[in-house]
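Protein chains in written order, with my numbering: chain A, 1 to 521; chain B, 1 to 481. Where is the CB? At the ideal position from N, CA and C, for every residue including glycine. Please read all numbers here as calculations on a predicted model, not as lab measurements.
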Amino acid sequence: MFDRLFEIVLFLPLFTGILIGLSIWFGFNRGESGEKPTGTITLINAAVVLLILAWAALKGFKDQWPGYIEIYRWFESGDLNITLAILIDLFSITTAALFCLLLFLTMRFSTLYMHREAGFQRFFMLLNLFLSAVLFITLSGNALTAFVGWELAGLCSYLLIAYAYDRPIPGRQATRVFITNRIGDAGFILSLILSYLWLGDTDWAGFTEKAVTLSPVKSSMILSGFVLAAIVKSAQIPFTSWITRALEGPTPSSAIFYGALLIHAGVFLLLRLHGAAEPLVGIQMVLLMTGSLTLLYGWLGGMVQTDIKTALIFSTIAHVAVMFISISMGWYLFAFIHMLAHAVWRSYQMLSAPSFNHLVSRPSRIVPPWLRNRKLILTAALQRFWLDNISDWLVVRPVESLSLELKQFDERVINKIVGLPAQINAITSLSDYEERKRGHAPSGAILPQGRGILGAAMERLAIILHWFEDQLVLKGSGEGLVNVLLKTGRYLHRIDGLLSQPRYLWLIIVVTLIVVIQYSN
Amino acid sequence: MHFLSTLIVLPLLGALVIISIPSQRPNWVRAVALLTSSLTLVLTLSLINTPDLTSLTEHVKWNPRMGMAYIVGVDGFSLPMIILAALLCLVSILASSSISERVKGYYFLMLFLESAMLGVFLAQDWVLFYVFWEMTLIPLFFLIDRWGGRRRHGAALNFVLYTFGGSVFLLIAMLVLYDSLPSHTFEMEAMAQGARLLTEHKQLWIFLGFLIGFGVKMPVFPIHGWLPLAHVEAPSPVSILLSGILLKMGSYGLLRAAEMLPAGVMSLQNPLAALALISLIYGGLLAWRQSDLKAMIAYSSISHMGVVLLGIATLNVTGLTGAVMQMAAHGFVAGALFFLIGLLYERTNTRDIRDYSSLVRTTPRFAFFTILALFAAVGMPGTAGFVAELHALLGGFVRWGWVVIVLSVGVLISAAYAIRTIVGLFTGPVSEKMLHVRDLGKTEMFTAGALTAFTVSIGIFPAGLLHIINPAVEELSRLFQ
Chain A
1 MFDRLFEIVL FLPLFTGILI GLSIWFGFNR GESGEKPTGT ITLINAAVVL
51 LILAWAALKG FKDQWPGYIE IYRWFESGDL NITLAILIDL FSITTAALFC
101 LLLFLTMRFS TLYMHREAGF QRFFMLLNLF LSAVLFITLS GNALTAFVGW
151 ELAGLCSYLL IAYAYDRPIP GRQATRVFIT NRIGDAGFIL SLILSYLWLG
201 DTDWAGFTEK AVTLSPVKSS MILSGFVLAA IVKSAQIPFT SWITRALEGP
251 TPSSAIFYGA LLIHAGVFLL LRLHGAAEPL VGIQMVLLMT GSLTLLYGWL
301 GGMVQTDIKT ALIFSTIAHV AVMFISISMG WYLFAFIHML AHAVWRSYQM
351 LSAPSFNHLV SRPSRIVPPW LRNRKLILTA ALQRFWLDNI SDWLVVRPVE
401 SLSLELKQFD ERVINKIVGL PAQINAITSL SDYEERKRGH APSGAILPQG
451 RGILGAAMER LAIILHWFED QLVLKGSGEG LVNVLLKTGR YLHRIDGLLS
501 QPRYLWLIIV VTLIVVIQYS N
Chain B
1 MHFLSTLIVL PLLGALVIIS IPSQRPNWVR AVALLTSSLT LVLTLSLINT
51 PDLTSLTEHV KWNPRMGMAY IVGVDGFSLP MIILAALLCL VSILASSSIS
101 ERVKGYYFLM LFLESAMLGV FLAQDWVLFY VFWEMTLIPL FFLIDRWGGR
151 RRHGAALNFV LYTFGGSVFL LIAMLVLYDS LPSHTFEMEA MAQGARLLTE
201 HKQLWIFLGF LIGFGVKMPV FPIHGWLPLA HVEAPSPVSI LLSGILLKMG
251 SYGLLRAAEM LPAGVMSLQN PLAALALISL IYGGLLAWRQ SDLKAMIAYS
301 SISHMGVVLL GIATLNVTGL TGAVMQMAAH GFVAGALFFL IGLLYERTNT
351 RDIRDYSSLV RTTPRFAFFT ILALFAAVGM PGTAGFVAEL HALLGGFVRW
401 GWVVIVLSVG VLISAAYAIR TIVGLFTGPV SEKMLHVRDL GKTEMFTAGA
451 LTAFTVSIGI FPAGLLHIIN PAVEELSRLF Q
């Protein structure tokens with residue numbers, strides 16, 4: 001009974017999101033009249049989840065935490081056991097309940113904020129999916145379940161950033177954000193594989209005990225993938241720049257995604273793994289370094305921002321950086337409480353950002369004089385430390401030119417070998433058509449002509465075989481047989497004609513007589 | 001009740017009735033021919049539900065001193081062939097509506113041919129088999145020689161001489177076998193019992209004789225010289241029978257010979273497979289080269305019969321099943337293709353693919369059936385050809401491993417010419433000449449639809465046919481274990 005409830009928690013928002021999506025598809029809830037039912041369903045669904053979580057938390061505090069629950073065994077193959085599972089303890093239930101509450105409030109806020117926006121229903125569909133993703137991550141009992149939520153969150157964030165997909169910029173920003181996040185996902189996948197390989201499973205419970213028995217190199221490898229995923233998701237150096245691009249989405253989504261919830265996913269993951277990471281100095285150093293650099297980045301960058309949302313984001317990054325530093329120092333409880341408090345405070349700030357100018361009477365703070373006088377640092381802060389440019393130069397452009405070259409290779413070499421036309425477009429088919437209309441059948445269209453190396457070989461072979469067939473099989477044996485018979489017939493006819501003449505008849509009779517006489521002797 | 005004899009006699013009776021009809025009544029002649037062949041088809045179809053096929057065997061003493069007997073029977077190999085023969089005979093008679101001269105003679109010969117073909121598949125005595133085997137040549141010679149195309153005389157003579165040349169080897173092999181057995185009988189069962197005890201060397205030589213005799217008919221590379229000319233020059237209904245049934249007689253005979261001489265086949269297994277693969281590629285590539293549509297289908301028949309030979313050469317259950325399936329599948333597909341192309345030729349008087357274009361606009365129904373038949377020829381999933389090729393491929397893979405990749409290449413080539421034909425016939429700019437081509441009429445639709453229905457239903461529900469052929473195939477493959 002208890003376990004079933006958690007399945008509801010995990011899958012109800014997913015189901016609601018799909019329901020809303022299908023309704024959009026079939027046109028049940030489009031337009032303004034559809035806003036109310038959409039919002040109501042979403043709120044009820046979030047409330048139910050929240051109630052179940054609260055009840056589970058109360059029960060947990062009173063009796064004991066239920067711990068590891070297997071939700072669904074996906075498949076088994078040999079020793080490999082792929083399961084979806086949840087882990088209910090103080091840490092997970094608190095985070096999940098708080099995040100769910102924040103999401104519930106944001107949803108309530110959005111029913112008004114998004115009113116009469118095109119795509120209201122789409123937005124709520126994504127919020128529901130995102131709630132599901134958050135629950136998958138926070139309640140996860142193993143890394144695989146967390147990864148399901150991790151990916152779902154990535155997808156939602158991509159779709160929310162590209163919310164106004166009819167404008168060109170959001171689509172581009174969303175793609176950039178998504179691809180940056182894939183770097184972290186790659187790390188996550190690597191760790192998943194290594195965990196299955198070396199630990200046998202990815203369960204959080206027992207992760208530390210098993211990881212400790214491994215050699216430091218192996219456990220560092222497992223951990224480094226998770227740490228990479230955490231750094232990317234929590235927008236730490238050097239992957240910070242995606243988060244400012246992500247502000248392209250509607251304000252409530254920015255609030256919960258980047259202000260409150262998703263940015264903490266990395267911190268949450270690190271807190272889950274802290275036991276295994278603690279003995280690994282290298283990992284701790286990496287966390288400390290990234291945290292410190294990002295703290296500096298967030299602080300300096302935040303100083304020079306004139307736009308409220310961006311300034312808040314820089315502040316958020318700095319706070320998350322502090323959490324990273326705390327984790328590297330071993331102050332886990334502090335990091336945990338910081339995360340929860342920061343989530344609440346930041347979502348309030350983010351949601352009120354649009355009305356900031358109404359709420360605040362004093363003019364916005366200007367850049368402090370000490371920073372104004374240090375031109376180099378000021379420029380660096382204004383340019384956000386050129387992180388975007390560096391990544392463009394290091395990664396994006398090389399990949400772009402490589403793909404261009406590969407494309408050209410494909411068109412000029414591979415297509416020729418395979419025999420595909422270099423480019424099929426309206427122009428070529430039009431000229432083709434004109435040619436045919438004028439009576440010039442384009443070569444190769446009707447009588448077989450092989451294109452490409454294999455095609456040419458096939459054609460050559462076919463020509464040889466055709467010759468063979470014509471010369472030897474048909475003329476030589478088929479028709480040849482008839483010819484030979486005709487010729488033989490002619491000879492026989494002539495011999496017959498000769499034989500029927502009297503002189504030869506006499507000759508034969510005489511010869512016969514001689515032979516008979518010979519033998520009778 | 002002499003059910004099987006009735007099958008053989010019924011078309012002959014129809015032929016006799018046709019002779020007695022005055023020649024001013026071509027419609028009566030046609031009606032009698034249609035009635036007879038439909039009745040035969042119904043009778044053969046009723047065999048499907050017969051629980052015990054062996055109980056139908058008829059045994060009449062004929063010439064006991066020579067060990068000859070009149071024995072007719074049916075088993076898993078012959079039953080699909082009999083149904084195929086009866087169906088295609090009906091189809092070709094339906095397709096003969098354009099025959100307008102010497103109608104009486106034409107239908108007489110058609111029914112005579114049907115009787116002879118059914119006799120080949122029903123005979124259970126080698127002499128009887130040989131008699132029916134040669135009997136098919138007589139009507140075919142006249143059908144090609146009198147109603148054929150431009151080069152019909154040469155084609156008819158060539159066809160008869162060539163296949164007769166093959167038959168000589170068949171006859172010699174039979175006689176040698178008869179001579180070397182103490183039982184002195186021509187009954188297939190008894191002969192097989194005795195022949196299996198012969199030494200491998202002897203079996204090999206006798207089987208070679210059978211291989212040449214049946215290989216000419218199948219045809220197998222390089223003794224296929226009669227086929228392109230005969231197929232092209234024969235009138236379309238006769239082409240249907242030639243490619244649909246006559247070729248199957250060869251492979252059917254080969255199966256019977258393999259049943260008799262297992263050791264000989266075993267020692268020839270690899271050469272047989274090599275011949276099969278060569279036929280497959282050779283026929284496919286030449287089909288690709290042809291611009292004459294009928295020649296294309298003729299060469300593609302060589303390619304498809306290569307699959308049959310490969311299936312036989314595997315000598316295992318899967319491969320043999322594939323061979324028999326392919327015999328049936330190719331019968332339906334080649335029948336449908338010759339039928340459709342024949343109709344097209346009647347309407348346009350050209351068989352050159354370069355003269356056609358954009359037929360899909362003027363004759364959509366025609367396009368539908370032709371495209372389906374061509375795809376079935378390639379072995380598209382959902383058609384009978386797929387089931388057959390898959391079985392042959394699997395059986396071959398078990399026996400030879402990756403060598404059967406050649407089979408896949410053959411399928412690729414067949415796709416090449418099928419697609420080329422589709423492109424040539426149905427796409428392209430609208431041309432003046434093609435605007436007034438008549439689409440399929442009702443009877444033609446029915447005929448094409450029936451053939452397509454058989455092809456597709458075997459492709460989707462192969463279990464029924466597999467059930468029929470399975471006992472025979474298992475019995476045969478047991479000899480080779």
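Chain A contact residues for residue i, given Cβ-Cβ distances below 9 angstroms
| i | result |
| --- | --- |
| residue 282(B) | 465, 468, 469 |
Euclidean distance between Cα positions of residue i and residue j
| i | j | result |
| --- | --- | --- |
| residue 68(A) | residue 302(A) | 42 angstroms |
| residue 461(A) | residue 288(B) | 11 angstroms |
| residue 368(B) | residue 183(B) | 56 angstroms |
| residue 443(A) | residue 451(A) | With a pLDDT of 45 at residue 443(A), under the threshold of 50, the modelled position of that residue is not reliable, and the figure given next carries that caveat. Roughly 11 angstroms separates the two Cα atoms. |
| residue 45(B) | residue 234(B) | 28 angstroms |
| residue 305(A) | residue 90(A) | 38 angstroms |
| residue 96(A) | residue 165(A) | 31 angstroms |
| residue 517(A) | residue 178(B) | 42 angstroms |
| residue 384(A) | residue 297(A) | 8 angstroms |
| residue 353(B) | residue 425(B) | 7 angstroms |
| residue 110(A) | residue 252(A) | 6 angstroms |
| residue 61(B) | residue 70(B) | 6 angstroms |
Proximal residues of chain B, C-beta to C-beta of residue i below 8 angstroms
| i | result |
| --- | --- |
| residue 462(A) | 285, 286, 288, 289 |
| residue 485(A) | 161 |
| residue 458(A) | 285, 288, 413, 416 |
| residue 418(A) | Those do not exist, as residue 418(A) stays about 13 angstroms from chain B at its closest Cβ, beyond 8 angstroms. |
| residue 482(A) | 154, 157, 158, 161 |
Neighbouring residues, chain B, relative to residue i (Cβ below 9 angstroms)
| i | result |
| --- | --- |
| residue 267(A) | Ordered by position in chain B, no residue passes the 9 angstroms Cβ test against residue 267(A), which lies about 53 angstroms from the chain. |
| residue 492(A) | Here the premise fails: no neighbours, minimum Cβ distance about 16 angstroms. |
| residue 395(A) | Here the premise fails: no neighbours, minimum Cβ distance about 41 angstroms. |
| residue 473(A) | 221, 222, 223, 224, 225, 228 |
Assigned exposure category for residue i - 16 Cβ within 10 Å defines buried
| i | result |
| --- | --- |
| residue 347(A) | buried |
| residue 388(B) | buried |
| residue 174(B) | buried |
| residue 136(A) | buried |
| residue 203(A) | buried |
| residue 227(B) | buried |
| residue 401(B) | exposed |
Three-state secondary structure assigned by DSSP to residue i
| i | result |
| --- | --- |
| residue 85(A) | strand |
| residue 526(A) | Outside the shown range of chain A, which is 1 to 521, sits residue 526(A), and nothing can be said about it. |
| residue 69(A) | strand |
| residue 237(A) | coil |
| residue 140(A) | strand |
| residue 59(B) | strand |
| residue 185(A) | helix |
| residue 356(B) | coil |
| residue 77(A) | strand |
| residue 134(A) | helix |
| residue 187(B) | strand |
| residue 120(B) | helix |
| residue 3(A) | helix |
| residue 234(B) | coil |
| residue 68(B) | strand |
When you check each C-beta in the segment 211 to 233 of chain B against every C-beta of chain A, which residues fall closer than 8 angstroms? Per Cβ criterion, the list reads 222, 223, 224, 225, 226, 228, 229.
For the segment 441 to 472 of chain B, list every residue whose C-beta sits within 9 angstroms of some C-beta in chain A, in sequence order. Among the residues of the segment 441 to 472 of chain B, none has a Cβ less than 9 angstroms away from any Cβ of chain A.
Just by C-beta distance, which residues in the segment 152 to 176 of chain B are closer than 8 angstroms to chain A? Cβ contacts with chain A: 154, 157, 158, 161, 162, 165.
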